[in-house]
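Since the structure comes first, as structure tokens, the remarks are kept for the end.
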Amino acid sequence: MRLVAGSARTWTGAASVLLALAAWQGVVAAGLVPGDLVPPPTSVWLAFVEILRHGYRDTTLSEDIGATLGRLLAGFGLAALLGVPFGLWLGVSRRASAAFGWIVQFMRPLPPLSFLVLLILWLGLGEASKIALLTMTAFPIITSASQAAVRGVPVLQIAVARSLGATPPQVFRHVVLPASLPMIFTGLNIALAATFSTVVAAELLAANDGLGWMVLSASKFLRNDVIMVGIVLLGLLGMALSRFLLLLDRRLVHWRGRA
Amino acid sequence: MKPERLWPFTVATAALLFAAWTAATALNLVNPLFLPGPGLLFSSFVDLLLNGYKGYSLPVHIGISLMRVLLGFGSGAIFGTLIGLGMGAAPLFDALAAPFVDFLRPLPQLAYLVLLIVWFGIGETSKIVLLFLTALPVAAIAARDGVRSVPEEQVRVARALGASPAQIFRHVIFPSALPEIFIGARLAVGIVYATLIAAEIIAGSNGIGWLVFDAGRFLRSDYVFVGVLLIGLMGLGLDFALRTIERKIVHWAGK
Amino acid sequence: MSKGKSFDRRTVLAAGLGLGASAALARGARAAAPPEARIGYFVETKPTMIAKSLGWFADAMKTKAVWHEMGTGAEINTGIAAGGLDFGLAIGSSPVAAGIAEGLGYQLIGMVDNIGPAEEMTVRAAANITKPADFIGKKVATPFGSTSHFRLMGFLGVNHLSQSQVTVLDMSPEQIVAAWKRGDIDAAYVWSPAKAEILADGGKVYETYKELDADGYVIADLIVVRTAFGRRYPDAVAGFLSAYGKALALYVTDPDKAAKIIAQAAGVSPAVAASNLAEYDFVSLKDQLSPEWLGPPGHPGKFASVLHSTAEFLVQQKSIRTAPPLATFAAAINTSYLAKVVG
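So the sequence lines, in the order shown, correspond to chains A, S and D. Counting with the working numbering, you get residues 1 to 259 for the letters of the first sequence. Counting with the working numbering, you get residues 260 to 514 for the letters of the second sequence. Counting with the working numbering, you get residues 515 to 857 for the letters of the third sequence.
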């Protein structure tokens with residue numbers, strides 16, 4: 001499929017965004033929408049500068065960003081550490097899959113926020129309950145993907161390796177694992193997105209820092225401009241994470257055809 | 260060679276977990292506030308079924324949640340798929356729309372729900388709009404990728420045979436993109452479903468998600484567990500329904 | 515391998531000294547300060563904020579105060595149940611009744627205020643609501659699980675209105691303000707600043723509190739402490755209460771200065787703080803010991819039955835499973851710390 005050349009695409013995209021911002025500013029300036037209800041880009045920028053200089057309610061912006069990122073990485077990291085090996089095992093061993101697969105499948109559709117209160121009861125008001133929430137979000141996705149990845153390795157490849165005299169551990173290390181990487185990565189990608197979405201929910205109860213907390217707190221005090229700042233920052237952070245993973249994907253799993 | 264029977268393993272772990280749970284709660288090793296026993300859960304479930312919860316019956320709570328999911332997901336997925344098809348087919352449109360789709364996709368829903376509530380109030384509108392915006396980028400990206408992955412030769416052959424662009428789209432591109440579109444749809448349902456629960460918690464007076472959160476306020480863990488189990492079952496049901504639809508429509512894309 | 519008698523004099527002397535020393539240590543430990551005190555609180559316009567801002571709590575308890583901002587009384591309950599909080603400051607009587615009923619392991623040691631008219635029904639002046647029956651078909655918003663919710667349900671119950679006749683919506687105070695401005699609701703049962711804002715925006719007070727208080731729907735904001743914490747550090751608990759008493763005294767003697775400090779802490783103007791403060795009945799520490807409220811140590815006052823009937827109501831609402839008998843609530847009131855402070 002022909003695509004518009006790279007830089008032309010970027011410029012068009014930038015122009016599109018600038019146009020939207022200008023329209024937004026114009027609509028508010030013309031009084032078509034009340035400015036306190038829909039803060040125009042200018043007041044969002046001013047609020048951003050204010051928070052950058054003075055922080056928001058006893059937290060600095062870097063503290064908030066750091067707290068959110070920290071929770072995200074801890075939760076996602078833990079889920080990946082546990083989920084990839086566990087999923088690989090479920091993929092390799094039919095018995096293990098029969099024994100434990102149903103638990104993972106049941107965890108998948110459970111919206112994390114529904115048991116936040118339970119997690120706080122069990123793990124307290126601190127970081128543990130929040131990180132547990134994020135881990136529980138990512139774990140079933142990563143496990144399922146890893147399991148499916150192993151199952152998806154062409155039987156032919158395994159048979160060929162076996163016929164060449166490879167032992168099961170060698171088959172796993174040199175055939176199954178490399179062939180599984182693409183799908184594992186897809187799973188990690190999706191899990192990171194889901195975990196990021198949940199990080200605001202994790203800061204809903206018993207939190208006093210973080211970007212999500214900032215947005216929720218601002219809503220209590222009806223500071224719509226601060227809400228906007230939080231949304232923009234979260235959006236940019238999310239985009240950056242996606243790009244980063246895409247880069248990692250291309251570098252490490254480069255022999256994939258298309259996604 | 261007969262394949263080994265695997266169901267005993269499933270039953271074994273399930274039975275073990277159930278036994279451990281029953282024993283722990285019966286022996287009072289855990290505070291029922293933290294982990295209610297199976298007997299309590301069952302009686303609480305029956306209680307909810309018979310007497311409802313704070314003004315609405317249990318089926319009504321479930322139904323309201325389902326309606327929100329279907330409306331939000333349905334509208335968002337259809338609209339998103341159309342946008343994605345456009346993005347895949349027209350590079351200019353792709354360049355214009357991509358920044359917005361890429362920004363919206365990873366944006367935590369709860370963050371902009373707050374804004375939607377300010378703009379649309381606390382009723383159904385803000386929730387449905389939220390779910391719509393949740394499903395849209397997922398469906399769009401899936402549809403776009405689906406169009407991009409159509410093999411070039413198929414398109415060339417069709418063109419060589421004299422097909423018009425519209426015909427090419429309808430008979431070559433669209434069917435070829437369907438599997439990816441459905442993958443996107445199933446992904447979107449899961450995300451929309453999770454978002455729904457969050458939306459009901461922040462801004463609601465009914466629905467199964469709200470029920471779980473409200474019960475959690477006073478630490479009615481029994482209702483919370485029943486609700487979470489129901490939410491899980493509903494989620495599995497939604498995914499199953501989608502897979503059935505997919506199988507019917509995409510019958511040639513099976514494994 | 516020692517030989518000879520097992521209990522020679524030196525051993526006995528050492529043992530005796532050891533026992534005496536540990537007994538003295540134990541007594542000392544009880545009077546010692548805790549390593550820290552974790553307090554669940556709300557950002558609100560009440561004298562509690564004076565003591566917090568000026569560090570009086572920490573000073574009086576002789577330890578570090580760790581402040582956990584909470585959104586609702588239910589969150590404080592969750593926090594204490596999770597083992598994360600020692601004190602609950604200005605927690606509503608609804609969540610307290612629930613907490614005691616559910617055996618969360620805390621005691622009621624003092625009051626912040628008797629709410630009275632501070633939480634009240636506000637109706638849209640244009641909706642022409644003058645009697646209970648006028649609420650049929652209307653939408654009333656309140657934060658579920660709060661003392662306002664308790665009062666609203668009481669109002670419906672007393673007037674034989676059902677939730678199918680009157681639509682009750684669950685909204686946080688700021689959501690109520692937004693919904694009111696959009697015209698989505700006809701009435702709301704809530705407290706200031708939300709109440710003040712909707713009153714100023716075409717709202718009118720529909721008085722319910724006198725009748726409801728008489729019917730037993732008394733609501734109050736209370737101070738609770740984890741029972742185990744209180745037993746171990748009674749001096750710290752007494753210090754906590756004395757710090758609050760000092761703040762209350764400042765409000766009584768110099769309301770303007772108090773309003774300024776509170777306004778700073780709560781992020782509102784002094785005028786708003788002052789008018790909010792005026793709505794509450796901040797019962798003095800001495801009056802809290804009267805039989806009308808918490809009663810003297812060992813003789814729990816009327817408030818025990820307030821908590822009991824609150825709990826029974828919560829059972830009806832399905833918010834809690836069962837309500838223990840009156841004796842449990844009476845036992846949960848511990849005014850020994852208060853008595854020490856009042857003297």
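Note that the Cβ used here is the ideal one computed from N, Cα and C, for glycine as well.
- Query: Can P367 (chain S) and V199 (chain A) be called in contact, C-beta distance under 8 Å?
  - Reply: yes
- Query: Any idea if R364 (chain S) is buried or exposed, counting beta-carbon neighbours within 10 angstroms, 16 or more meaning buried?
  - Reply: buried
- Message: In the DSSP output, what is A580 (chain D) paired with across the bridge?
- Response: Reading off the sequence, residue 580 (chain D) comes out as Val, not Ala. In the DSSP output, where bridge partners are listed per residue, V580 (chain D) has D:R552.
- Query: According to the neighbour-count rule (16 or more other Cβ atoms, all chains shown, within 10 Å of its Cβ), is D514 (chain D) buried or exposed?
  - Reply: There is simply no residue 514 (chain D) to check, as chain D begins at 515 and stops at 857 in what is shown.
- Item | Residues bridged to A682 (chain D) (per DSSP) | One detail in the question is off: residue 682 (chain D) reads as Val in this sequence, not Ala. Looking at the DSSP assignment, V682 (chain D) forms a beta bridge with D:V654.
- Task: Mind listing the chain S neighbours of L234 (chain A)? Cutoff is C-beta to C-beta under 8 Å, in chain order.
- Result: L366, P367, A370
- State buried or exposed for F264 (chain S), treating a residue as buried only when at least 16 other CB atoms are found within 10 Å of its CB. What sits at residue 264 (chain S) in the sequence shown is Arg, not Phe. The residue in question, R264 (chain S), is exposed, as its Cβ has fewer than 16 Cβ neighbours within 10 Å.
- Could you pull out every unbroken alpha helix (DSSP H) segment of at least 4 residues lying fully inside the region 466–514 of chain S, listed in chain order? 467–476, 480–508
- In or out: S833 (chain D) buried (at least 16 other Cβ within 10 Å) or exposed? buried
- Message: I need the boundaries of the beta strand (DSSP E) containing I605 (chain D), first residue and last residue.
- Response: 601–606
- Message: Per the DSSP calculation, I227 (chain A) is bridged to which residue(s)?
- Response: DSSP, once it has assigned bridges, lists no residue as partnering I227 (chain A).
- Task: Taking R479 (chain S) as the reference, give the member of D:T592, D:V557, D:K576 with the closest Cα.
- Result: D:T592
- In the DSSP assignment, what are the bridge partners of E634 (chain D)? D:V704
- Message: Assuming K774 (chain D) is part of the alpha helix (DSSP H), what are its boundary residues?
- Response: 769–780
- Do the CB positions of A218 (chain A) and I227 (chain A) come within less than 8 Å of each other? yes
- Item | Pick from A:W24, A:L52, A:I184, A:A206 that is closest to S144 (chain A), judged by C-alpha positions | A:I184
- Reducing DSSP to helix, strand and coil, say where L736 (chain D) ends up. strand
- Query: Quick one: is T592 (chain D) near chain S, going by C-beta distance under 8 Å?
  - Reply: yes
- Message: So, does the region 314–321 of chain S touch the region 395–410 of chain S, judging by three or more C-beta pairs under 8 Å?
- Response: no
- Message: Using a Cβ-Cβ distance cut-off of 8 Å, determine whether A512 (chain S) contacts chain D.
- Response: Caution applies to A512 (chain S), whose pLDDT of 45 falls short of 50 and renders its modelled position unreliable; the model cannot decide the point.
- Rank A:L237, A:A240, A:S7 by C-alpha distance to the C-alpha of P350 (chain S) and give the top, closest one. A:S7
- Quick one, are the C-beta atoms of V719 (chain D) and L713 (chain D) less than 8 Å apart? yes
- Task: Pick out the complete beta strand (DSSP E) segments inside the region 159–203 of chain A, 3 residues or longer, and give them in chain order.
- Result: none
- Message: What does the alpha-carbon distance come out to for the pair G235 (chain A) and G212 (chain A)?
- Response: 12 Å
- Relative to the ligand FMN, is the shortest distance from any of its heavy atoms to the C-beta of L294 (chain S) smaller than 7 Å? Here there are no bound small molecules, and the ligand FMN is not part of this structure.
- Item | the region 617–632 of chain D / the region 643–650 of chain D touching (three or more Cβ pairs under 8 Å) | no
- For M575 (chain D) versus A547 (chain D), is the C-beta spacing smaller than 8 Å? yes
- Query: Which residues in the same chain as T586 (chain D) place their Cβ atom closer than 8 Å to its Cβ, once the five residues preceding and following it in sequence are excluded?
  - Reply: P609, P657, G659, S660
- Item | Exposure label - A30 (chain A); buried when at least 16 CB within 10 Å | exposed
- Straight-line CA distance for V782 (chain D) to D627 (chain D)? 20 Å
- Unbroken beta strand (DSSP E) run spanning L622 (chain D), endpoints: 620–628
- Are at least three pairs of beta-carbons, each pair with one atom in the region 339–353 of chain S and one in the region 398–409 of chain S, less than 8 Å apart? yes
- In whole angstroms, what is the alpha-carbon distance linking T636 (chain D) and A701 (chain D)? 6 Å
- Task: Pick out whichever of S:R445, S:G466, S:D481 has its Cα sitting closest to the Cα of L497 (chain S).
- Result: S:R445
- What residue ranges within the region 80–104 of chain A form continuous beta strand (DSSP E) runs of no fewer than 3 residues, ordered along the chain? none
- May I ask you to list, following chain order, the residues of the region 663–682 of chain D that have a beta carbon less than 9 Å from some beta carbon of chain S? S676, Q677, S678, T681, V682
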